[in-house]
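Data first, discussion second: the structure below is written as structure tokens.
In the working numbering, the protein residues as written are -14 to 156.
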């Protein structure tokens, strides 16, 4: 459920502090349903499947709460925690609250992993060429083996420049 569904409608201005997993370890997959490009694929996004992702998410949540409890923030915060509320305290409760409001930061990646041909999960080689397909390259965030920390734009630009140079040089 989106956080926007739970926003109070009482005339006050509200702010939210977010903690984001920018380099999750959980891995999903995309499965083609047919050879027809009009048929939508099955997209499996197993958010927070990795125990490490779960631990980092809970620790981040606790850190945000700690920041909100600071003397500086207490000067500007009016009232008690709205969601999920002070009664949510255990790691399991916090994780369930996170799972109930989880949203992406719209940086989908790593669906066509770049890697060695011996890697069964690799789709493209180091020159971005799709294994087993002539004349097709993947030059975007989908070829990342994992999402790099931070905003991916500069990494995508660097990849694109490198592959463009390879193509210009006949590779």
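Yeah, the Cβ is synthetic: ideal placement off N, Cα and C, and Gly gets one too.
Residue 2 versus residue 60: straight-line alpha-carbon distance, rounded: Indexing the chain shown from 1 puts residue 2 at position 17. Indexing the chain shown from 1 puts residue 60 at position 75. Cα to Cα, residue 2 sits roughly 16 Å from residue 60.
DSSP-derived helix/strand/coil call for residue 49: Along the chain shown, one-based indexing puts residue 49 at 64. If DSSP states are grouped into helix, strand and coil, residue 49 belongs with the helices.
Counterpart residues of residue -6 in DSSP-defined beta bridges: Numbered from its first residue, the chain shown carries residue -6 at position 9. Per DSSP, none; premise fails for residue -6.
Proximity to residue 138 [Cα-Cα], best of 108, 109, 91: Mapped onto the chain shown, residue 138 falls at position 153. Residue 138 has its Cα closest to that of 91, out of 108, 109, 91.
Supposed contact pair residue 113 and residue 49 - C-beta distance, whole angstroms, cut 8 Å: Locating residue 49 in the chain shown gives position 64, where the first residue counts as 1. Locating residue 113 in the chain shown gives position 128, where the first residue counts as 1. The Cβ separation is near 38 Å, so there is no contact.
Alpha-carbon spacing of residue 8 relative to residue 32, whole angstroms: Locating residue 8 in the chain shown gives position 23, counting from the first residue. Locating residue 32 in the chain shown gives position 47, counting from the first residue. Approximately 12 Å, taken between the alpha carbons.
Backbone secondary structure at residue -13 - three-state DSSP: Position 2 of the chain shown, counting from 1, holds the residue named residue -13. The predicted position of residue -13 is uncertain, since its pLDDT is 47 and thus under 50; no value can be drawn from it.
Residue environment, residue 67, which counts as buried when at least 16 other CB atoms sit within 10 Å: As a position in the chain shown, residue 67 is number 82, starting the count at 1. Residue 67 is classed as exposed because its beta carbon has fewer than 16 other beta carbons within 10 Å across all chains shown.
Secondary structure of residue 138, DSSP reduced to three states: Counting from 1 along the chain shown, the entry for residue 138 is found at position 153. Residue state, collapsed to three classes: helix.
Beta-carbon spacing of residue 100, residue 130 below 8 Å: Numbered from 1 along the chain shown, position 115 holds the residue referred to as residue 100. Numbered from 1 along the chain shown, position 145 holds the residue referred to as residue 130. For residue 100 and residue 130, yes; Cβs fall inside 8 Å.
Beta-bridge pairing of residue 29 - partner residues as DSSP gives them: Taking the first residue of the chain shown as position 1, residue 29 is located at position 44. Its beta-bridge partners are 14.
Start and end residues, alpha helix (DSSP H) containing residue 56: To locate residue 56, count along the chain shown from 1; it is residue 71. 56 to 59 is the span of the alpha helix (DSSP H), which, as asked, contains residue 56.
The segment 19 to 29 in contact with the segment 39 to 47 per 3-pair CB rule at 8 Å: no
Within 8 Å, strictly: CB atoms of residue 11 and residue 35: The residue given as residue 11 occupies position 26 in the chain shown. The residue given as residue 35 occupies position 50 in the chain shown. Yes; because the gap between Cβ atoms is below 8 Å, this pair is in contact.
CB of residue 107 within 8 Å of CB of residue 98, strictly: Translated into the one-based positions of the chain shown, residue 107 becomes position 122. Translated into the one-based positions of the chain shown, residue 98 becomes position 113. Going by C-beta atoms, residue 107 is nearer than 8 Å to residue 98.
Local conformation of residue 73 per DSSP, three classes: One-based indexing of the chain shown puts residue 73 at position 88. Reduced to three states, the DSSP call for residue 73 is coil.
Given residue 132 as reference, the closest of 102, 117, 74, 95 once Cα atoms are compared: Looking up residue 132 in the chain shown gives position 147. Selected option, being the one with the closest Cα: 95.
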